[in-house]
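> Numbering-wise, the working numbering puts 292 at position 87 of the sequence shown, and it's gapless, one number per residue. Positions of the beta carbon are idealized from the N, C-alpha and C atoms, including for glycine.
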Amino acid sequence: MFYYYGRKKQIAKYYPSPNYKVIVEPFAGSAAYSLYKDNWKNDVILVEKDEKVADIWQWLVSEATPEKIRSLPDLKVGEKSSEFLHIIHAATKMAFHYKTIKVTPVLARNWEISKRYMADNMFKVKHWKIICGDYSKAPNIEATWFIDPPYKENSGKGYRYSSEFINYDHLAKWAKSQKGEVIFCEGMYGDYLPFTPLLELKGIAGKSSKELIYYRSSNICKQLEIFT
Ligand SMILES: C[S@@+](CC[C@H](N)C(=O)[O-])C[C@H]1O[C@@H](n2cnc3c(N)ncnc32)[C@H](O)[C@@H]1O
Numbered sequence: 206m207f208y209y210y211g212r213k214k215q216i217a218k219y220y221p222s223p224n225y226k227v228i229v230e231p232f233a234g235s236a237a238y239s240l241y242k243d244n245w246k247n248d249v250i251l252v253e254k255d256e257k258v259a260d261i262w263q264w265l266v267s268e269a270t271p272e273k274i275r276s277l278p279d280l281k282v283g284e285k286s287s288e289f290l291h292i293i294h295a296a297t298k299m300a301f302h303y304k305t306i307k308v309t310p311v312l313a314r315n316w317e318i319s320k321r322y323m324a325d326n327m328f329k330v331k332h333w334k335i336i337c338g339d340y341s342k343a344p345n346i347e348a349t350w351f352i353d354p355p356y357k358e359n360s361g362k363g364y365r366y367s368s369e370f371i372n373y374d375h376l377a378k379w380a381k382s383q384k385g386e387v388i389f390c391e392g393m394y395g396d397y398l399p400f401t402p403l404l405e406l407k408g409i410a411g412k413s414s415k416e417l418i419y420y421r422s423s424n425i426c427k428q429l430e431i432f433t
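The structure is reproduced here in C-alpha cells:
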C-alpha cells in the first residue's frame, strides 16, 4: 500500500493464489500479497508488531479518505521530515531507525507515487482488521496464511523488530500449526523449513538475491471433505 523495505509488490504474482475466504498476514509490513489483484476482497487480517506501521494501517482502515491523502503535502528535496510515513519511503532498511530524515530525490519520488496509490486504493482496505502485536497474536483460524517475516540473515539490523528478535525454530513450529494453507517466504539463509527456490532477483551492480518459499496446502482438510 505504501513503499516498504522488503515488500512483496513486484513478486506477489509468483505466490499461490489464496484458496480461503480469509487471508492472514502475521508480518504485515505494507501487505503487498493481500493487495495483489483481487486478494483484497477476502477478509484480511494483518498483524504487525511495529506500532508505527500498525498505526498507519489503522489510520488507512478507519480514518483516511482519498481527499485527506491527496491533501498531504508533497516533499521537497533537501527539506527535513520526522514523519514516520515519510521516512519509510527512503528505500533503506535503516529507515526504521531514523527519527528525522533529509528528503532525497528517491524519497520525494516514492512519496509522490505512494500518495497517489494510497488515495486510489484505500477503499480496498476498509473491511480489513489490524492487530498490533507479535505474530502469535493472530487467531488460529482456517485461512490462507501469508507469512513473510524479516529474513534470517547475517546482519539482522533492518526493521524496528528485526530478525535478531525472532526464534525461527519456534516460528516454523507455529506456522505448521496454523489451520488452512501456509505460504512462507524466506531468503537464501532460510533453513528452518523445507524451503524451495521461488525465483532469483537481479539487483544493482550484478548482485542477485534468492527468494525461497515453503508452501503447505490444505490437504488434510481437503481429504476430510472427500470422505464426508
Ligand atoms: C518482510 S516485512 C513484511 C513485508 C510485507 N510482506 C510487504 O509486502 O510489505 C516483515 C514485517 O514483520 C514485522 N515484524 C517483525 N517482527 C514481528 C513479530 N514478531 N510479529 C509481527 N510482526 C513482526 C516487521 O515490522 C515488518 O513490517
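1) What residues in its chain sit with their C-beta under 7 Å from that of Asn-244, if we drop five residues either side in the sequence?
2) Going by DSSP in three states, Tyr-238 sits in which element: helix, strand or coil?
3) The alpha helix (DSSP H) with Phe-289 in it runs from where to where?
4) Hey, quick one: how far does the alpha helix (DSSP H) through Ala-324 stretch, first residue to last?
5) Where Glu-284 and Pro-310 are concerned, what is the direct C-alpha to C-alpha distance, given to the nearest angstrom?
6) Hey, is Tyr-219 close to ligand 1, as in C-beta under 6 Å from one of its heavy atoms?
7) Which word fits Asn-345, buried or exposed, when buried means at least 16 other C-beta atoms lie within 10 angstroms of its C-beta?
8) Based on DSSP bridge pairs, tell me the residues matched to Arg-421.
9) Since Ala-380 and Ile-335 should fall inside the 8 Å C-beta cutoff, what is the C-beta to C-beta distance between them, to a whole number of angstroms?
10) What's the call for Lys-218, buried or exposed, on a 16-neighbour Cβ count within 10 Å?
11) Compare the C-alpha of Phe-232 against each of Ser-319, Lys-246 and Glu-253 and name the closest.
12) Confirm the yes/no value for this check: CB of Gly-234, any heavy atom of ligand 1, distance under 6 Å.
13) Which ranges does the alpha helix (DSSP H) cover as unbroken runs of at least 4 residues, wholly within the stretch 252-292, from first to last along the chain?
14) Would you call the CB atoms of Glu-386 and Ser-341 closer than 7 Å?
15) In or out: Ser-267 buried (at least 16 other Cβ within 10 Å) or exposed?
16) Here's the rule I'm using: 16 or more other beta-carbon atoms within 10 Å means buried, otherwise exposed. How should Gln-428 be labelled?
17) Verify the CB distance criterion: does Gln-215 have a CB-CB separation below 7 Å to chain C?
18) How about Gly-392: is its Cβ closer than 6 Å to a heavy atom in ligand 1?
19) Who pairs with Glu-416 in a beta bridge, going by DSSP?
20) Decide if Met-299 is buried, meaning its Cβ has at least 16 other Cβ atoms within 10 Å, or exposed.
21) Quick one: Cα of Val-330 to Cα of Lys-320, how far?
22) Answer yes or no: the CB of Glu-253 versus the heavy atoms of ligand 1, is any distance below 6 Å?
23) What do you reckon, is the C-beta of Arg-321 under 6 Å from a heavy atom of ligand 1?
24) Suppose contacts are defined by Cβ-Cβ distances below 7 Å. Is Leu-398 in contact with Glu-416 by that definition?
Short version:
1) Numbered from its first residue, the sequence shown carries residue 244 at position 39. Cβ neighbours of Asn-244 beyond the five flanking positions: Pro-223, Ile-228 and Tyr-238.
2) Here the question's residue 238 lines up with position 33 in the sequence shown. Of the three classes helix, strand and coil, the one that applies to Tyr-238 here is helix, per DSSP.
3) By 1-based counting over the sequence shown, the position of residue 289 is 84. Its alpha helix (DSSP H) spans residues 289-292.
4) Sequence index remark: in the sequence shown, residue 324 carries index 119 (1-based). Taken as a continuous stretch (DSSP letters only), the alpha helix (DSSP H) holding Ala-324 covers 310-326.
5) By one-based count along the sequence shown, residue 284 stands at place 79. By one-based count along the sequence shown, residue 310 stands at place 105. Taking the straight line joining both Cα atoms gives about 11 Å.
6) The residue given as residue 219 occupies position 14 in the sequence shown. For ligand 1, not one heavy atom lies less than 6 Å from the Cβ of Tyr-219.
7) Position 140 of the sequence shown holds residue 345. Looking at its Cβ environment, which holds fewer than 16 other Cβ atoms inside 10 Å, Asn-345 is exposed.
8) As a first step, residue 421 is located in the sequence shown; it is residue number 216 there, counting from the start. Its beta-bridge partners are Val-387.
9) Locating residue 380 in the sequence shown gives position 175, counting from the first residue. Locating residue 335 in the sequence shown gives position 130, counting from the first residue. Actually they are not in contact, since the Cβ atoms of Ala-380 and Ile-335 sit about 21 Å apart, beyond 8 Å.
10) Counting from 1 along the sequence shown, the entry for residue 218 is found at position 13. The residue is exposed, with fewer than 16 neighbouring Cβ atoms inside 10 Å.
11) Numbered from 1 along the sequence shown, position 27 holds the residue referred to as residue 232. Considering only alpha carbons, the answer is Glu-253.
12) Here residue 234 refers to the residue found at position 29 when the sequence shown is read from its first residue. True, at least one ligand heavy atom lies under 6 Å from that Cβ.
13) 256-267, 271-275 and 289-292
14) Here residue 386 corresponds to residue number 181 of the sequence shown, with the count starting at 1. Here residue 341 corresponds to residue number 136 of the sequence shown, with the count starting at 1. It is not a contact, given that the beta carbons lie outside the stated cut-off.
15) What you label residue 267 is simply residue 62 of the sequence shown in a count that begins at 1. Exposed, because fewer than 16 other Cβ atoms sit within 10 Å of the Cβ of Ser-267.
16) Here residue 428 is taken as the residue at index 223 of the sequence shown, counted from 1. The predicted model places Gln-428 with a pLDDT of 49, which falls under 50 and marks its position as unreliable; any figure quoted below should be read in that light. Exposed, by the Cβ-count rule.
17) Checking the listed chains, one finds no chain C in this structure; it contains a single protein chain.
18) If you number the sequence shown from 1, residue 392 lands on position 187. No, since every heavy atom of ligand 1 falls outside the 6 Å radius drawn around the Cβ of Gly-392.
19) What you label residue 416 is simply residue 211 of the sequence shown in a count that begins at 1. The partner list for Glu-416 (beta bridge, DSSP) reads Leu-404.
20) Within the sequence shown, residue 299 is the residue found at index 94, counting from 1. That one is exposed.
21) What you label residue 330 is simply residue 125 of the sequence shown in a count that begins at 1. What you label residue 320 is simply residue 115 of the sequence shown in a count that begins at 1. Rounded to the nearest angstrom, the two C-alpha atoms are 15 Å apart.
22) Numbered from its first residue, the sequence shown carries residue 253 at position 48. Under cutoff, so the answer is yes.
23) Working through the sequence shown from its first residue, we reach residue 321 at position 116. No; taking the cut-off as 6 Å, the Cβ of Arg-321 has no heavy atom of ligand 1 nearer than that.
24) If you number the sequence shown from 1, residue 398 lands on position 193. If you number the sequence shown from 1, residue 416 lands on position 211. Their beta carbons are not under 7 Å apart, which means Leu-398 does not touch Glu-416 by this criterion.
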